[in-house]
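Trainee: According to UniProt numbering, the sequence shown is numbered sequentially starting from 1.
From the three backbone atoms N, C-alpha and C, an ideal C-beta is built for every residue, glycine too.
The structure under discussion is supplied below as structure tokens; questions concerning it will follow.
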Amino acid sequence: MDIPTLPSKVPGYDLYIDGFQALRRPKILQNSNITHVVSVLDWKFQKDWASLRGFQHLHIPLDDVYDSNILSYFPRSNAFIHEGLKHSRSNQLETSGTSLKDGSNDPIPGGVLVHCAMGVSRSATIVLAYLLWHSRQPANMIYPQSQTTTTAQSPAMSSPSSSASPPEMVSLPPTPLTVDTALALVREGRPQVEPNSGFIKQLRMYEAMGCPTTQEQLESHKIYRRWMNSRNVLDALSENRAPEMDHISFRDEEDDDENRQGDGAQGLDQAGASAGNRSDPFSDRVQSLTLLDPDSDEPTEILNPDITLSSPSPAPPLPANVEIKCRKCRRLLARSSFILPHKPPAHRDPSAAVGADPCAHIFLHPLSWMRPVLSQGQLDGRLTCPTQWCGANIGKFAWQGLRCSCGGWVTPGFGLAKGKVDEVRRHDVGSSTRAIKGGPPGSGQGQGSGSGHGNGDATKPVFNSTSSSGAVRYPPGMRRAGNGNL
């Protein structure tokens, strides 16, 4: 006669997924060698509940909704599950004063049950997070120990084990799992698992971060910080108010912090700073949020960690060596890595601008020079040049979104008017800075911090009659043959 056990087992692991009803079958849990139980649901468990007696229990109070932050619990649940998988059931029996039936001292591998209400979304997400994390661990690592507390009210990682010898380990897969391969593995044991779309996005974010082990590693990661700031901004907008300053990610300050910790590159506001594109390989493809396009009944994806782009898909990125400068005072305002490319919607508004360059604005991430106006707590307003003596009106912002003249929406929107700024291409070391978007004669366009030519003055504009850029404007009195007087 077959001994009944839990039916939904992850292949290769003593790890089970089920619904709440599994707790009401103590005999089946015992037959499955369950020692640890993870409950992922917003349920008030009674103290010393008989169904959980004798089990190590982790409670994650969470609803199965799109915007629940399940990601913050991954370090805690991973440690708890792994402790359960390497747990010896014989140790548990000896502690409780119960001897093995056959008198053998051979340990029995422990099993872990992860359950939610139906065993479909929340429990599957916790199991997937563990598989992603475990598949990226070195074979000789000493796994962190999880405390045996009953409820994970605020996720926190316990201190690593101080054991001198590594514990018995679950076999590692040959290559790190992805969200899709891990989901396929789990569905082999339980075909009906289907994490909600918000949980899937958080799993992909966790994978993109490299599956941090500790709570500190998770919360200090740039991707996680930006995502949490985005959530806080959305919460504020849902209440029709501007977000708190602490919840705004100023992209140039983040890059400056990374530069100081890394190669020591100078910040945005320092003269002669390098304008390289320090793009994050993960930040442009993870942390998706959803807003409703005003022209559509369907939600559109925002493929940006700072809830910025609400166009159907991002446009090709601008060249890495483009700088945005105030046309009046030549103040550097943004680099290419701070620009948000966007596309017109698939079905364009007939009233939208049509032409070679229908976009009248350049959209940016929030930058530190915007802090004075954003700190006023307004939902929208004007952007002015940060140079004190200049103060030119260079654009506008709206936390609830701006519509570009091409018809695309950017939410929140921080747009610089192209008629008020210059896009300047900075050439490689040894060459000079050149304007790629023309300005009026005498505007000083083309000035930069390059090497210069002729008299060696690096502050003078460079004009090249053979330049392939048709946007270079020549001051009055200068002919294309190069024989005029400056």
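Can at least three beta-carbon pairs, one atom from the segment 209 to 225 and one from the segment 37 to 53, be found at a separation below 8 Å?
Mentor: With the cut-off at 8 Å, the segment 209 to 225 and the segment 37 to 53 do not touch.
Trainee: Taking isoleucine 3 as the reference, give the member of Leu23, Ser32, Ile17, Arg24 with the closest Cα.
Mentor: The candidate whose alpha carbon is nearest that of isoleucine 3 is Ser32.
Trainee: Per DSSP, which residues does phenylalanine 397 bridge with? Please list them.
Mentor: DSSP lists Gly381, Phe414 as partners of phenylalanine 397.
Trainee: Buried or exposed for glutamate 323, please, with buried defined as at least 16 other CB atoms from any protein chain shown within 10 angstroms of its CB.
Mentor: Glutamate 323 should be labelled buried.
Trainee: Which same chain residues end up closer than 6 Å to phenylalanine 199 when comparing Cβ atoms and leaving out the 5 residues on each side of it in sequence?
Mentor: Closer than 6 Å at Cβ, skipping near neighbours: Ile70, Thr125.
Trainee: Excluding five sequence neighbours on each side, which residues of the same chain lie with their C-beta closer than 6 Å to the C-beta of arginine 251?
Mentor: Closer than 6 Å at Cβ, skipping near neighbours: Phe338, His365.
Trainee: I'd like the span of the alpha helix (DSSP H) that includes phenylalanine 74, first residue to last.
Mentor: Run containing phenylalanine 74: 74 to 85, per the alpha helix (DSSP H) assignment.
Trainee: Which full runs of the alpha helix (DSSP H) of 4+ residues lie inside the segment 204 to 232, going along the chain?
Mentor: As far as the segment 204 to 232 is concerned, its whole alpha helix (DSSP H) runs of at least 4 residues are 215 to 219.
Trainee: Rounded to whole angstroms, what is the Cα-Cα separation between lysine 44 and leucine 23?
Mentor: C-alpha separation (whole angstroms): 14 Å.
Trainee: Using 8 Å as the Cβ pair cut-off and three pairs as the minimum, do the segment 57 to 72 and the segment 12 to 29 touch?
Mentor: They do not touch, by the three-pair rule.
Trainee: Quick one: what's lysine 9 bridged to in DSSP?
Mentor: Its beta-bridge partners are Tyr16.
Trainee: Would you mind sorting serine 310 into buried or exposed? The rule is 16 or more other CB atoms within 10 Å of its CB.
Mentor: Summary for serine 310: the model assigns pLDDT 40, below 50, so the residue's position carries little reliability; its value from the coordinates is reported in the next sentence. Buried: at least 16 other Cβ atoms inside 10 Å.
Trainee: Report the CB separation of leucine 379 from tryptophan 399 in whole angstroms; it is logged as a contact under 8 Å.
Mentor: Sure, about 5 Å apart at Cβ, within 8 Å.
Trainee: Measure the CB-CB distance between valine 233 and valine 10 and report whether it falls below 9 Å.
Mentor: No, these two residues do not count as a Cβ contact at 9 Å.
Trainee: Could you check if aspartate 422 is buried or exposed, using at least 16 other CB atoms within 10 Å of its CB as the buried criterion?
Mentor: Classification of aspartate 422: buried, given that the 10 Å Cβ count is 16 or more.
Trainee: Relative to the alpha-carbon of proline 412, which residue among Gln56, Gln202, Leu340 has its alpha-carbon at the smallest distance?
Mentor: When each option's Cα is compared against that of proline 412, the closest is Leu340.
Trainee: Would you give the residue range spanned by the beta strand (DSSP E) that serine 51 belongs to?
Mentor: Where serine 51 is concerned, there is no enclosing beta strand (DSSP E), given that its DSSP letter is neither H nor E.
Trainee: Taking threonine 175 as the reference, which of Arg204, Trp133, Gln192 has the closest Cα?
Mentor: Looking at the Cα atoms, Trp133 is the closest of the given residues.
Trainee: For glutamate 244, which residues from the same chain have a beta carbon less than 8 Å from its beta carbon, with the 5 sequence-adjacent residues on both sides left out?
Mentor: Excluding sequence neighbours, glutamate 244 sits near Asn232, Ala236.
Trainee: Can you give me the C-alpha to C-alpha distance between leucine 367 and arginine 122, rounded to a whole angstrom?
Mentor: When rounded, the distance between both Cα atoms is 37 Å.
Trainee: Using the Cβ count rule (16 or more neighbours within 10 Å means buried), how would you classify residue 542?
Mentor: Past the boundaries of the shown model lies residue 542; the chain is included only from 1 to 486, so the question cannot be answered.
Trainee: Over the uninterrupted alpha helix (DSSP H) stretch that includes valine 179, give me the two end residues.
Mentor: Here the alpha helix (DSSP H) through valine 179 covers 179 to 189.
Trainee: So what does DSSP say about threonine 125, is it helix, strand or coil?
Mentor: DSSP places threonine 125 in helix when its eight states are reduced to three.
Trainee: In the structure shown, what three-state DSSP assignment does asparagine 105 receive?
Mentor: Note that asparagine 105 has pLDDT 48, beneath the 50 cutoff, so the model's placement of it is unreliable and the number below is only indicative. Residue state, collapsed to three classes: coil.
Trainee: To the nearest angstrom, how far is it from the Cα of glutamate 83 to the Cα of methionine 228?
Mentor: Their backbone Cα atoms lie some 29 Å apart in a straight line.
Trainee: Determine the extent of the alpha helix (DSSP H) in which tyrosine 28 is found, giving its start and end residues.
Mentor: Looking at the sequence shown, residue 28 is not tyrosine but isoleucine. Looking at the DSSP string, the run of the alpha helix (DSSP H) that includes isoleucine 28 is 26 to 31.
Trainee: Let me know if residue 503 comes out buried or exposed under the rule of 16 or more other beta-carbons within 10 Å of its beta-carbon.
Mentor: A question about residue 503 goes unanswered here, because the residues of the chain that appear run from 1 up to 486.
Trainee: When burial is assigned at 16 or more other CB atoms within 10 Å of the CB, is alanine 79 buried or exposed?
Mentor: Its Cβ being crowded by 16 or more others within 10 Å, alanine 79 is buried.
Trainee: Among Thr178, Arg226, Ser249, which residue has its Cα nearest to the Cα of arginine 204?
Mentor: The residue with the shortest Cα to Cα distance from arginine 204 is Thr178.
Trainee: Under 8 Å by Cβ, that's how I've got lysine 420 and alanine 392 pegged, so tell me the actual separation to the nearest angstrom.
Mentor: Right, the Cβ-Cβ distance comes to about 6 Å (below 8 Å), so this counts as a contact.
Trainee: Considering just the uninterrupted stretch of the alpha helix (DSSP H) at leucine 374, what are its terminal residues?
Mentor: Taken as a continuous stretch (DSSP letters only), the alpha helix (DSSP H) holding leucine 374 covers 371 to 374.
Trainee: So what does DSSP say about serine 135, is it helix, strand or coil?
Mentor: Note: serine 135 maps to coil in three-state DSSP.
Trainee: Any heavy atom of the ligand SAH closer than 8 Å to the CB of alanine 236?
Mentor: You won't find the ligand SAH in this model; it holds no ligand whatsoever.
Trainee: Under 9 Å, do phenylalanine 397 and arginine 382 count as touching if we go by C-beta distance?
Mentor: Yes, Cβ-Cβ distance for phenylalanine 397 and arginine 382 is below 9 Å.
Trainee: According to DSSP, is alanine 334 helix, strand or coil?
Mentor: It is a strand residue.
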